[in-house]
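Visitor:
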Amino acid sequence: MGQEEMRRAVAEISGTIVMHPLFEKAYNGVLKIVETSSMIDMPFGATVTAPPGCGKTALIRAISRAIPSTELLGDDIRSISIAAEANASQGHFVSKLLKALGYPSVIRASTLYDQTSIIIEALRDRCVKVLFLDEFQHVCRGNRTLSAAGILDWVKQLSDAAGIVVVMLGTRELKPLCEMNDQLGSRAPASFTLKEFERNSEWVGLLRRLSDGVTSIDLSPISTEFYKPLHASSNGVLRHLKQILVMSTIAAMESGKTKIDRASFTIGHARVYGDKPSSPNPFAL
21 MGQEEMRRAV AEISGTIVMH PLFEKAYNGV LKIVETSSMI DMPFGATVTA
71 PPGCGKTALI RAISRAIPST ELLGDDIRSI SIAAEANASQ GHFVSKLLKA
121 LGYPSVIRAS TLYDQTSIII EALRDRCVKV LFLDEFQHVC RGNRTLSAAG
171 ILDWVKQLSD AAGIVVVMLG TRELKPLCEM NDQLGSRAPA SFTLKEFERN
221 SEWVGLLRRL SDGVTSIDLS PISTEFYKPL HASSNGVLRH LKQILVMSTI
271 AAMESGKTKI DRASFTIGHA RVYGDKPSSP NPFAL
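Letter 117 of the sequence shown, counting from 1, is numbered 137 in our numbering, and no numbers are missing.
1) Which runs of the alpha helix (DSSP H) fall wholly inside the segment 34-118 and span at least 4 residues, in chain order?
2) Report all residues from its chain with a CB closer than 8 angstroms to the CB of Glu32; omit the five preceding and five following residues, and keep chain order.
3) List the whole-angstrom C-beta distance separating Asp154 from Lys76, where the pair is believed to meet the contact cut-off of C-beta under 8 angstroms.
4) Alpha carbon to alpha carbon, what distance is there between Gln110 and Arg174?
5) Helix, strand or coil for Ser211 per DSSP?
6) So, at 7 angstroms on beta carbons, what are the nonlocal neighbours of Pro216 in its own chain, with the 5 sequence-adjacent residues on each side left out?
7) Three Cβ pairs or more, each shorter than 8 angstroms: is that satisfied between the segment 240-254 and the segment 273-291?
8) Check Val234 in the structure and name its three-state DSSP category.
9) Do Ile83 and Tyr47 come within 8 angstroms of each other at the CB atom, strictly closer than that value?
10) With His158 and Ala104 assumed to form a contact (beta carbons below 8 angstroms), what rounded beta-carbon distance in angstroms separates them?
11) When DSSP labels each residue in this structure, what does Leu153 get in the three-state scheme?
12) At what residues does the alpha helix (DSSP H) containing Leu121 begin and finish?
13) Express the C-alpha separation of Val187 and Glu25 in angstroms, rounding to a whole number.
14) Can you tell me where the beta strand (DSSP E) with Gly190 in it begins and where it stops?
15) Which residues does DSSP pair with Leu279 in a beta bridge?
16) Out of Ala86, Leu230, Ala182, point me to the one whose CA is closest to Arg259's CA.
17) When you compare each of Ile184, Val185, Gly183, Ala210 to Pro196 by their alpha carbons, which one comes out closest?
18) Taking DSSP's pairing of strands, which residues face Val148 in a bridge?
19) If you reduce the DSSP assignment to three classes, tell me which class Lys176 lands in.
20) Relative to the C-alpha of Gln23, which candidate in Lys296, Phe285, Pro302, Ile270 has its C-alpha closest?
21) Name the two residues that bound the continuous alpha helix (DSSP H) containing Ser268.
22) Looking at Ala272: is its Cβ nearer than 8 angstroms to the Cβ of Ser284?
23) Have a look at Ser137 and Leu227 and give me their C-alpha separation to the nearest angstrom.
24) Does the beta-carbon of Thr131 have 16 or more other beta-carbons within 10 angstroms, so that it is buried, or is it exposed?
25) Quick check: the Cα distance between Thr90 and Trp223, rounded to an integer number of angstroms?
26) Give the DSSP-derived three-state secondary structure of Pro249 in the structure shown.
27) Can you look up Ala132 in the DSSP assignment and give me helix, strand or coil?
28) Rounded to the nearest angstrom, what separates Ser243 and Gly225 at their Cα positions?
29) Please report how far the alpha carbon of Pro302 lies from the alpha carbon of Gly276, in whole angstroms.
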């Protein structure tokens with residue numbers, strides 16, 4: 021099969037978002053918060069915690085796509101997503117927001133206060149309703165009491181002044197907001213969790229719906245013959261699962277196959293993990 025068919029199959033796998041129970045709960049919960057905040061002058065927000073690779077980015081993407089089509093909100097709604105850095109500071113957040121809003125990374129305003137005022141005005145003018153702050157665990161990691169307090173106060177100010185919903189996402193290191201800043205916690209009390217899949221009916225359902233979303237190759241065996249080794253290979257982590265599916269699909273199509281099989285999974289697992297001794301190949305015969 022040609023490169024175009026492979027690209028199509030890879031795009032289908034990577035682009036398929038499955039509304040499994042925890043994902044759907046967070047998705048619907050945040051959308052309801054956005055909808056409600058548009059009807060009342062009251063700050064709202066949420067936190068989402070998840071291990072790496074368990075769907076935070078997909079959640080941001082799904083919510084962002086859904087917001088403009090939400091009937092109550094109209095077509096002018098926008099969302100912005102920025103990620104905290106390892107040594108997160110208020111200046112980093114300000115710089116990234118300015119860039120996301122189309123301003124140069126260095127502007128003439130001489131203070132963070134002036135820059136924040138520009139951001140607030142731009143958020144209001146452009147009808148931005150949701151700000152996603154990803155990798156927010158960096159804010160509360162290590163001995164960062166003073167800098168974390170400054171960042172959290174700044175987020176609170178931004179939420180109040182711009183009238184936006186702030187959604188903070190991070191790994192399990194992300195502490196509950198009420199422990200970090202009770203004022204911000206009162207503004208964003210909702211908390212959602214994504215996690216690794218256990219090998220149960222929910223896992224099988226995920227695989228079935230993933231295979232249904234792919235038409236360029238037959239992935240139906242993943243929810244029947246291969247659901248056990250796929251869980252062993254991915255440890256129930258969605259990102260790893262998709263990496264394995266992508267690599268295995270490419271291996272199958274390179275061999276001219278139209279249906280995924282064990283030999284393709286054996287190759288796919290090896291391509292994802294290499295010679296990593298802690299990840300024995302569960303597909304190898």
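From the three backbone atoms N, C-alpha and C, an ideal C-beta is built for every residue, glycine too.
Guide: In short, the structure shows the following:
1) 41-57, 76-86
2) Gly233, Val234, Thr235, Ser236
3) 6 angstroms
4) According to the sequence displayed, residue 174 carries Trp and not Arg. Distance between the alpha carbons of Trp174 and Gln110 is about 7 angstroms.
5) strand
6) In the sequence as displayed, the identity of residue 216 is Glu instead of Pro. Once the five neighbours on either side are set aside, the close Cβ partners of Glu216 are Pro71, Cys74, Asn255, Gly256, Val257.
7) Because the criterion of three Cβ pairs below 8 angstroms is met, the segment 240-254 and the segment 273-291 touch.
8) coil
9) yes
10) 4 angstroms between Cβ atoms; contact.
11) strand
12) Per DSSP, Leu121 belongs to no alpha helix (DSSP H) and is neither H nor E.
13) Cα-Cα distance, rounded: 37 angstroms.
14) 185-190
15) Residue identity check: residue 279 is Lys in the sequence provided, not Leu. Note: Lys279 sits in a beta bridge opposite Asp238.
16) Leu230
17) Measuring from the Cα of Pro196, the nearest candidate turns out to be Ala210.
18) In the DSSP assignment, the residues bridged to Val148 are Arg98.
19) helix
20) Ile270
21) 258-274
22) Contact flag set, yes.
23) 47 angstroms
24) exposed
25) Low confidence applies here, because Thr90 scores a pLDDT of 49, under 50, leaving its location unreliable and the question unanswered by this model.
26) helix
27) As written in the sequence, residue 132 is Leu, which differs from the Ala given in the question. The answer is helix: DSSP assigns Leu132 an H, G or I state.
28) 7 angstroms
29) 23 angstroms
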